[in-house]
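Just below is one structure, and these are the notes that go with it.
Chains as they are written, first to last, in my numbering: chain A, 86 to 530; chain B, 14 to 197.
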């Protein structure tokens, strides 16, 4: 780690970005400590561990973590590392277990992290081992709408403060129904890209008519979905909003249309329409009229590495990212609708997804450009829409004038600088919560 | 090896059982399919599937030996692929737009299919299991070896074998390739 290194990578006046942050080893090491060691990180969903003693193996940055639900139903995020020598105490993806035994020497931990049993505690350790201090390292855990977050930072603010007014938008997808959502997945694969390229892409709707035209065209023809064009996007009433590092794009149209989700086609539209009409009173009660009928979250990222819902960009060195793709469906939706959303999501996203497969070489070459002797001297240009964003009445965050803008990307890298230059959480600014959270929905219900 | 005489003697009556003939027929089917894929004749490849096909690739989890029944995710969970004919047609049509960037320029693939086992069913359909090694080379130096098995349900349609249901099981937990843009 580079002590007191100061990062100035994005020029707010010109939108020039120093591309070396995509491959520099020292920068990456700093990111692991100052971003992934501090931020609230999405690690899973309550529905992945629905019953007492369920567990799910996940990651906080590069560190393997076990998300457990203990005998009392309490959630824990436990570093998957035996306190003796460092072997993992769990090698499976998920399951149900009261205890985790290290396969090296047999140290055994309860699923709340406490060290319960050590072979030879009396004979080999002379009863001198301080077992209470040798539980699995535990992170702080909080949930939002069933999504589980964890942080290593004792001085981190509450998750509610961390999400801040971004939640005003996030609620319109994640917090609509009383019954909440359930997570399916993850599908996992390794992409040869820097983790930031995927996050920054979440607000990049500019790429869609170029990168994804082939998929959009066949979906128009086979599924009857609307055609995709630059012109439509430039004229779109959608906007960007940015709060506390979280990038939001949102639709803003009072047309009482079913929410966009994967799987919509001319045949399935009826299902979405009926579901919308049946549930809208409940959604209006939970979110208020403006958010229930008008505002609709689109592509978004949750700082640092949550991508389009519960999907994770897990850093694996500066040039590699393990990507985890989940699908979230509303638990109380009809089974047929869940099936349509699941299949539609898988057809579009994931390693084999028609849309997502066309992204990877772009991000990979953006990443690699930062390693090249000549290329890395030349900055990225993120100047689109400079000076065309600001506060907007009733809509929290810094809101762009247009849908196609690099406002969120510039702000993402500025947020990145704020984390990288901070000594502690005390140096990291948080926007105050000012939005009107109409309706009954809260962080946890 | 001795050269064979130009004119072979009258063919001997086949001494093959029906099961062996079926095996030969399906082995030929799978070899033909592999060539279609490697020669990028995807529309002809699509003709090998019925209209009601399910093309399914579950996820494969790390679970303990005593929980092997949970290793493959069931239909209904999130899969890597859960495609009907229409989605397969879209995937093939996409390649012809000239803008399917994951496969334009296209991958170089080699499908090696073997270990065929056939199991005829009462209703004249056949279960067939094969193992595959698929090598993919893409752009300059990207390459990947995909290993796994396929469990097919085949039926006779239009005078030929067609696949009604294909379950592809990859020998991987975290996929190591940048994307899965080739057909298996």
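Heads up, the beta-carbon is just placed ideally off N, CA and C, and yes, glycines get one too.
query: Just to confirm, are residue 106 of chain A and residue 99 of chain A a CB contact at a threshold of 8 angstroms?; result: no
query: Can you tell which of A/297, A/323, A/324 has the C-alpha that lies nearest to the C-alpha of residue 314 of chain A?; result: A/297
query: Buried or exposed: which applies to residue 43 of chain B, given that a residue is buried once 16 or more other Cβ atoms fall within 10 Å of its Cβ?; result: buried
query: Quick check on residue 96 of chain A: does DSSP put it in helix, strand or coil?; result: coil
query: Quick check: is any heavy atom of the ligand PLP less than 7 angstroms from the C-beta of residue 176 of chain B?; result: Ligands displayed in this structure: none; no statement on the ligand PLP is therefore possible.
query: Look at the alpha carbon of residue 87 of chain B and the alpha carbon of residue 179 of chain A, and state the distance between them as a whole number of angstroms.; result: 15 angstroms
query: Can you pull the chain A neighbours of residue 102 of chain B, defined as C-beta to C-beta under 9 angstroms?; result: 303, 307
query: Under 8 angstroms between the Cβ atoms of residue 223 of chain A and residue 244 of chain A?; result: no
query: Quick check on the DSSP output: what are the complete beta strand (DSSP E) runs of length 3 or more inside the region 314–374 of chain A, in order along the chain?; result: 324–328, 331–337
query: Interface residues of chain A around residue 189 of chain B at Cβ under 7 angstroms?; result: 275
query: Among A/238, A/129, A/264, A/195, which residue has its Cα nearest to the Cα of residue 530 of chain A?; result: A/264
query: Would you call the CB atoms of residue 95 of chain A and residue 495 of chain A closer than 8 angstroms?; result: yes
query: So the beta strand (DSSP E) residue 182 of chain A belongs to, where does it begin and stop?; result: That residue, residue 182 of chain A, is in no beta strand (DSSP E); it is neither H nor E in DSSP.
query: Report the three-state DSSP secondary structure of residue 127 of chain A (helix, strand or coil).; result: strand
query: Quick one: grab the DSSP three-state call for residue 68 of chain B.; result: strand
query: Quick one: grab the DSSP three-state call for residue 62 of chain A.; result: No answer is possible for residue 62 of chain A: the residues shown for chain A start at 86 and end at 530.
query: Would you tell me roughly how many angstroms separate the C-alpha atoms of residue 87 of chain A and residue 525 of chain A, rounded to the nearest one?; result: A caution first: residue 87 of chain A carries a pLDDT of 47, below 50, which makes its placement in the model unreliable, though a value can still be read off. One C-alpha to the other measures close to 47 angstroms.
query: For residue 374 of chain A, count neighbouring Cβ atoms within 10 angstroms of its own Cβ and tell me buried if that reaches 16, exposed if not.; result: exposed
query: Check whether the region 147–156 of chain B and the region 58–75 of chain B touch, using three or more Cβ-Cβ pairs below 8 angstroms as the test.; result: no
query: Should residue 107 of chain B be flagged as near chain A, meaning a C-beta pair shorter than 8 angstroms?; result: yes
query: Taking residue 486 of chain A as the query, report the chain B residues whose CB atoms sit under 8 angstroms from its CB, ordered along the chain.; result: Within 8 angstroms Cβ-Cβ: nothing; residue 486 of chain A doesn't reach chain B, min ~29 angstroms.
query: Determine the contact status of residue 278 of chain A and residue 449 of chain A, defining contact as a CB-CB distance below 8 angstroms.; result: yes
query: I want to see whether chain A comes within less than 8 angstroms of residue 160 of chain B, judged by CB atoms only; does it?; result: no
query: Quick check: the Cα distance between residue 93 of chain A and residue 501 of chain A, rounded to an integer number of angstroms?; result: 10 angstroms
query: Find out if the Cβ-Cβ distance for the pair residue 519 of chain A, residue 339 of chain A is shorter than 8 angstroms.; result: no
query: Spatial neighbours of residue 433 of chain A within its chain, please: CB distance less than 8 angstroms, with the 5 preceding and 5 following residues excluded, ordered by chain position.; result: 300, 347, 439, 440, 441
query: Can you list, in chain order, the residues of its chain with a C-beta nearer than 8 angstroms to that of residue 318 of chain A? Leave out the 5 residues immediately preceding and following it.; result: 290, 291, 293, 294, 488, 489
query: Just tell me which of A/204, A/181, A/197 has its CA closest to the CA of residue 187 of chain A.; result: A/204
query: On a CA-only basis, which of B/28, B/69, B/65, B/143 is nearest residue 128 of chain B? Give me that one, please.; result: B/143
query: When DSSP labels each residue in this structure, what does residue 432 of chain A get in the three-state scheme?; result: helix
query: Count the other CB atoms, across all protein chains shown, that sit within 10 Å of the CB of residue 274 of chain A; report buried if there are 16 or more and exposed otherwise.; result: buried
query: Could you tell me the alpha carbon to alpha carbon distance between residue 171 of chain A and residue 126 of chain A, rounded to whole angstroms?; result: 23 angstroms
query: What residue range is occupied by the uninterrupted beta strand (DSSP E) comprising residue 176 of chain B?; result: 173–183
query: Between the C-alpha atoms of residue 89 of chain B and residue 427 of chain A, what's the straight-line distance to the nearest angstrom?; result: 8 angstroms
query: Taking the continuous beta strand (DSSP E) assigned at residue 202 of chain A, which residues delimit it?; result: 200–202
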